[in-house]
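Participant: Sequences listed follow chains A, B, C and D, in order. Note that my numbering has the first sequence beginning at 5, numbered continuously upward. Note that my numbering has the second sequence beginning at 5, numbered continuously upward. Note that my numbering has the third sequence beginning at 6, numbered continuously upward. Note that my numbering has the fourth sequence beginning at 6, numbered continuously upward.
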Amino acid sequence: MKLDAMYQEIILDHYRNPHHKGLREPFDAESHHINPTCGDEVTLRVLLESAEDGKDALTVADISYDSMGCSISQASASVMTDLLIGKTVDEAMAVLEEFTALMQSKGKGEPDEGVLEDAVAFAGVSKYPARVKCALLAWMAWKDATVKSLATQKEGAV
Amino acid sequence: MKLDAMYQEIILDHYRNPHHKGLREPFDAESHHINPTCGDEVTLRVLLESAEDGKDALTVADISYDSMGCSISQASASVMTDLLIGKTVDEAMAVLEEFTALMQSKGKGEPDEGVLEDAVAFAGVSKYPARVKCALLAWMAWKDATVKSLATQKEGAV
Amino acid sequence: MTARELDVETIRADFPILARTVRDERPLVYLDSGATSQKPRQVLDAEREFYERHNAAVHRGAHQLAEEATDAYEQARATIAAFVGAPADEVVFTKNATEAINLVAYAMSNAATAGEEFARMAVGPGDEVVVTEMEHHANLVPWQELCRRTGATLRWFGVTDEGRLDLSNLDDLVNERTRIVALTHQSNVLGTVNPVRQIAERAHAVGALVLVDGAQSVPHMPVDVTELGVDFLAFSGHKMCGPNGIGVLWGRGELLRAMPPFITGGSMIGTVHMDHSTWADPPQRFEAGVPMAPQAVGLAAACDYLNAIGMDAVAAHEHALVEYALKHVGSLEGVRIVGPTDPEARGGAVSFTVDGIHPHDVGQVLDDRGVAVRVGHHCAWPLHRRYGAVATTRASFYLYNSFADVDALVEGIREAQRFFGVARS
Amino acid sequence: MTARELDVETIRADFPILARTVRDERPLVYLDSGATSQKPRQVLDAEREFYERHNAAVHRGAHQLAEEATDAYEQARATIAAFVGAPADEVVFTKNATEAINLVAYAMSNAATAGEEFARMAVGPGDEVVVTEMEHHANLVPWQELCRRTGATLRWFGVTDEGRLDLSNLDDLVNERTRIVALTHQSNVLGTVNPVRQIAERAHAVGALVLVDGAQSVPHMPVDVTELGVDFLAFSGHKMCGPNGIGVLWGRGELLRAMPPFITGGSMIGTVHMDHSTWADPPQRFEAGVPMAPQAVGLAAACDYLNAIGMDAVAAHEHALVEYALKHVGSLEGVRIVGPTDPEARGGAVSFTVDGIHPHDVGQVLDDRGVAVRVGHHCAWPLHRRYGAVATTRASFYLYNSFADVDALVEGIREAQRFFGVARS
Ligand SMILES: Cc1ncc(COP(=O)(O)O)c(C=O)c1O
Ligand SMILES: Cc1ncc(COP(=O)(O)O)c(C=O)c1O
């Protein structure tokens, strides 16, 4: 049965025990995304911080979220926070890109496990176009919130 | 060839030498009808008169018209005036009904030559739905104008 | 009811797609007819025959093909009109039920600037439009937008916990300010069949119009516009064994004549000058452009197909299926039916939630077993909010479904519970 | 031009209807493609295959059929978009070109009440909308109605005696008050191909939008939206070997995003509450309800079919036919061509009058001989008035027509002249 290919143990684990869930302070920016076909929602906050050395590179200091949705969307949010927290924004954006490409690969992607780590488990989901949106929901919300946060940081910098 | 069945000599004669054509005074009511698919037009006037004996029966004293259109619509107007002028309104309405039925018969009507006279020549036209409107244009205008005239007569009578 | 029992096997043989397999060669169990129905060979043949023998632009030519095409189109109109007990010239073809409803809503806002002749249909500030909380977005959003364009006020009936329309405030909601009441005949989520007549009587008593969304009723039960006692009925071809791309608006002749046009262009005009135009009579007034004649012919073939089986028989068959489904799905532990659990005045849509499993995941397990259902809010988002559900899983039935299909559904739900570890046993 | 010559016999074999006979077993000579084209087997097969294998409601399900249907629909969008050089997400499906044009006109009037976000598209008193005297009613009446709804003013380009657009007052007509210029790419009566780029440049210089009616150009010549330099392009599937019931609006992405919806309902929403809704992004924002997915698939097959032949080759073939027709029809005594007699910048519609014979009667004689033409004002009534003709007879060509078809037309006209006794000899 194909179900196991989609619902890998890793996904079910994150679904049952999501990491970093719950909205936290402090944060720079928040975004709220909805999947209009099923009504699933996520509210997501990001906190960016300048690296210790005071140079330009910003780091993803925290991602917190509240969400309602299916196993795929919940697990994907959880895996994402594990992956992105602690990375620089540039590194995180690169991961987002890699994950997006995997999800749009219609089951034909060859995920880079070095970059995606646990997120490679979602490879099977990419065969189900209707579920790709679920897997991407939190990622899109993160991108959105990060872009907002960067915009604020810039303003602040001026 | 089927053309002859549609364009009977009688029709072509009326088309080339239409009877009662041209707008005349006096008249009780006028109507203007257009065939929206081809732009053909007719302006038609009727004059109704009380019968000599002063009783209720109204007579079609005159029908005059100006028109632009194809052979079928022109011939049909001409034949109609021949048929209806001089009849009582009730008789004329009966002829209209017979003619309408013939035109809607899709080539299967058995026209009553006693009632329709020259108008039986249009039997062939009823096989061509797109031309039925042409054949009926003047008749519909006559009906319209007559109804208007009757309405005015009634008001006058009150 | 003396309805014949349906010979489901024979019927299924008419639907080529039902013979296919999905996901690793599993036979297809199609339980998504509420979204769109499958099409019998007879319908596809009729449409193809039109294209291959009679295709031409209808109402626009004087050659033989144009005559044949026009004839086929108008014959189709007559057949479809008769299917709902209406005269042919009261039936307008649209692209789907959604357009049919929008047509009425736009005619009402257009009436404001369309001249004296159409003033009767106009609405404005102080006027009210009434819908229900169980509407499909297609019968909700167009009315929200009508109100936005005109300044009228939108009001709505609520629903009871049992999934029925709450009519307790009927007389308050439908009052002298009400211009139109728009409601669904049968809910696409709850399955509920609404007491349209009762509401129409109140509406007419206060001078309001009534539009019924028949997208989920006309395909599934005998519907007669006179018996319904309403003013407008909208439905879609694709949900009743007909082609996509065609919908129907039936309207009382007198009202259609009082309505200004919606979409304008060719074939709906009286005369056209550069600076003004006049309109053809209905139904042409509402059918601008080259119409979907092949689809009309296909939909007429669908009506013939359904008539040959008998709409009474179709309704009885679905009633039996839904009764069986309510019993067997409803009795599963952890499963909650959203909608009446009583099969009376209820059609063949069974929506439910499964404790601890998101509908997407339920749907995925079912799909993996070849059982096609719909998951989500089914274009009835406010209704889902009302019942505290983000989404539901919906099985919907049609004449080609069997009791075995329901068994497959029940088995699939159990499997989902096992897979996600929420089953007791 | 290095276009291959078309192998008309091979092409004709793809169109089943062209093999039929009409009126007493006469072979069909179909010269009415301007009204609607015939469909090749490949298109009918593609549509049927969708129904028999993949049919489901697109964008609404998570089961395998729904995935396949959605995929087929979006693939079709990409193919059709590429056919006119557009990105897929800038292509909106409508029921026909008429609806596509109405969509833009209604979005502009809806903008008045649709909130700040869409205010940019709004028009009102003092604003001007510009059309031309050669428009099909589909690209005239919707703009009359937009002006009526909003208080804007309609203005128009005239046409020259030769059948070309009169651009002498371009700078006056298109000015700072102009909000949109809507014009046809190729006239369905005159055949004239308009200098769209030149007009678009002026329009854009004064900040006006440009909508092009491509109903008669996209089927007959290579069209690339970037080269055209316009903002919107509307066309119909049924005139380009595709199914009925589907039309296309291409619009620049930025503009589509700035437009409020037209028809509202399911699948075009962001969120829905009882008292308000928000919208999906384009193209979904403009595709309410279950769409005509099978027709989209059929239209994509039509694009593939035309691409395989090559639109350059199609255009060259029609150019040759029209040149031949202008020469042979135009030289008949008593026949007047309405439209340019010069084949340059001119497509394959040849309209004419015959002295002493009404177009209906000309058409009847032709029909009697199996030659299908259109008679009337061809939904361009003001244009006919301009040329002092109540109606004309129109022959229009497509890739499946041959020189022999033109000969049959010429012979038919002669026969009409003989029959009605207006021939000299
Ligand atoms: C130039 C032109 N524009 C618009 C249309 C309208 O197309 P449709 O009727 O398919 O909407 C037509 C054809 O009828 C046309 O020839
Ligand atoms: C109750 C109801 N109304 C309206 C519609 C809209 O139908 P369509 O999408 O065919 O316009 C649907 C189906 O989607 C429906 O179920």
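Where a beta carbon is used, it is the ideal one built from N, C-alpha and C, also for glycine.
Just reading off the alpha helix (DSSP H) that C/I314 is part of, what are its end residues?
Facilitator: 298-314
Participant: Measuring CB to CB, does D/T398 end up less than 9 Å from D/V367?
Facilitator: yes
Participant: Restricting to runs no shorter than 4 residues, where is the alpha helix (DSSP H) found entirely within the region 86-127 of chain B?
Facilitator: 93-107, 117-120
Participant: Report the residues of the region 125-140 of chain B with a CB closer than 8 Å to any CB of chain C, ordered along the chain.
Facilitator: Y132, P133, A134, R135
Participant: Only counting the same chain, and skipping five residues up and downstream in sequence, which positions put a Cβ closer than 7 Å to that of C/R290?
Facilitator: P266, M273, W284
Participant: Just the C-alpha distance for C/A40 and D/G271, rounded to the nearest angstrom, thanks.
Facilitator: 11 Å
Participant: Run down chain C in chain order and give the residues with a C-beta less than 8 Å from the C-beta of B/I76.
Facilitator: None at all; the shortest Cβ gap to chain C is about 11 Å.
Participant: Report the rounded CA-to-CA distance for C/Y35 versus C/Y405, giving the unit in angstroms.
Facilitator: Answer to the nearest angstrom: the Cα atoms are 9 Å apart.
Participant: Is it true that the region 302-320 of chain D meets the region 161-180 of chain C, where meeting means three or more beta-carbon pairs spaced less than 8 Å apart?
Facilitator: With the cut-off at 8 Å, the region 302-320 of chain D and the region 161-180 of chain C do not touch.
Participant: How about D/S222: is its C-beta nearer than 9 Å to some C-beta of chain C?
Facilitator: no
Participant: Could you check where the alpha helix (DSSP H) with D/E150 kicks off and where it finishes?
Facilitator: 146-155
Participant: Residues of chain B with a CB under 8 Å from the CB of D/G381: which are they?
Facilitator: The contacting residues are T41, C42, G43.
Participant: Using the three-state DSSP reduction, which class does D/T7 fall into: helix, strand or coil?
Facilitator: With a pLDDT of only 43 at D/T7, under 50, the local geometry of the prediction cannot be trusted, and no value is derived from it.
Participant: Are the C-beta atoms of D/V340 and some chain B residue less than 9 Å apart?
Facilitator: No - not a single Cβ of chain B is within 9 Å of the one on D/V340.
Participant: At 8 Å on the CB atoms, spell out the chain A contacts of D/D76, in chain order.
Facilitator: P133
Participant: Of all the beta strand (DSSP E) runs that stay within the bounds of the region 182-244 of chain C, which reach a length of 3 or more residues?
Facilitator: 183-189, 214-218, 237-241
Participant: So C/V359 packs on C/G381, CB below 8 Å; how close in whole Å?
Facilitator: That pair is no contact at about 15 Å.
Participant: Give me the Cβ distance between D/D176 and D/I106, rounded to the nearest whole Å; I'm assuming they're in contact under 8 Å.
Facilitator: Their Cβ separation, rounded to whole angstroms, is 25 Å, which puts D/D176 and D/I106 out of contact at 8 Å.
Participant: Determine whether the Cβ of C/A119 lies closer than 9 Å to any Cβ atom of chain D.
Facilitator: yes
Participant: Say whether chain E places a C-beta atom closer than 9 Å to the C-beta of A/L48.
Facilitator: Absent here is chain E; the protein component of the structure consists of chains A, B, C and D.
Participant: Could you tell me the distance, in whole angstroms, from the CA atom of B/G43 to the CA atom of D/A293?
Facilitator: 36 Å
Participant: What residue ranges within the region 23-52 of chain B form continuous beta strand (DSSP E) runs of no fewer than 3 residues, ordered along the chain?
Facilitator: 33-38
Participant: Would the C-beta of C/H209 count as close to ligand 2, meaning under 8 Å from any of its heavy atoms?
Facilitator: no
Participant: Quick one: list the residues of chain C neighbouring A/G73, beta-carbon separation under 8 Å, in chain order.
Facilitator: H363, H365, V395
Participant: Cα separation between D/V201 and C/L261?
Facilitator: Approximately 39 Å, taken between the alpha carbons.
Participant: Checking contacts by CB at 9 Å: is C/A298 closer than that to chain D?
Facilitator: yes
Participant: Report the neighbours of A/I38 on chain D: residues whose CB is nearer than 8 Å to its CB, in chain order.
Facilitator: In chain order: G275, T276.
Participant: Does any C-beta atom of chain A lie closer than 9 Å to the C-beta of C/R28?
Facilitator: yes
Participant: Could you tell me the distance, in whole angstroms, from the CA atom of D/L116 to the CA atom of D/L214?
Facilitator: Looking at the sequence provided, one finds Ala at residue 116 of chain D rather than Leu. If you take the alpha carbons of D/A116 and D/L214, they lie about 15 Å apart.
Participant: Unbroken beta strand (DSSP E) runs of length 3 or more, entirely within the region 105-147 of chain C: which are they?
Facilitator: 133-137
Participant: Would you mind sorting D/G120 into buried or exposed? The rule is 16 or more other CB atoms within 10 Å of its CB.
Facilitator: exposed
Participant: So which residues on chain B does D/F424 lean against when the C-beta distance must stay under 8 Å?
Facilitator: L7, Y11
Participant: Taking its Cβ as the centre, do 16 or more other Cβ atoms sit within 10 Å of C/G247, making it buried, or is it exposed?
Facilitator: buried
Participant: Does the distance between the C-beta of C/A320 and the nearest non-hydrogen atom of ligand 2 fall short of 8 Å?
Facilitator: It does not: the Cβ of C/A320 is nowhere closer than 8 Å to a heavy atom of ligand 2.
Participant: Per DSSP, what kind of secondary structure is B/L16 in: helix, strand or coil?
Facilitator: Shown here, B/L16 sits in a helix according to DSSP, grouped into three states.
Participant: Using a Cβ-Cβ distance cut-off of 9 Å, determine whether C/G66 contacts chain B.
Facilitator: yes
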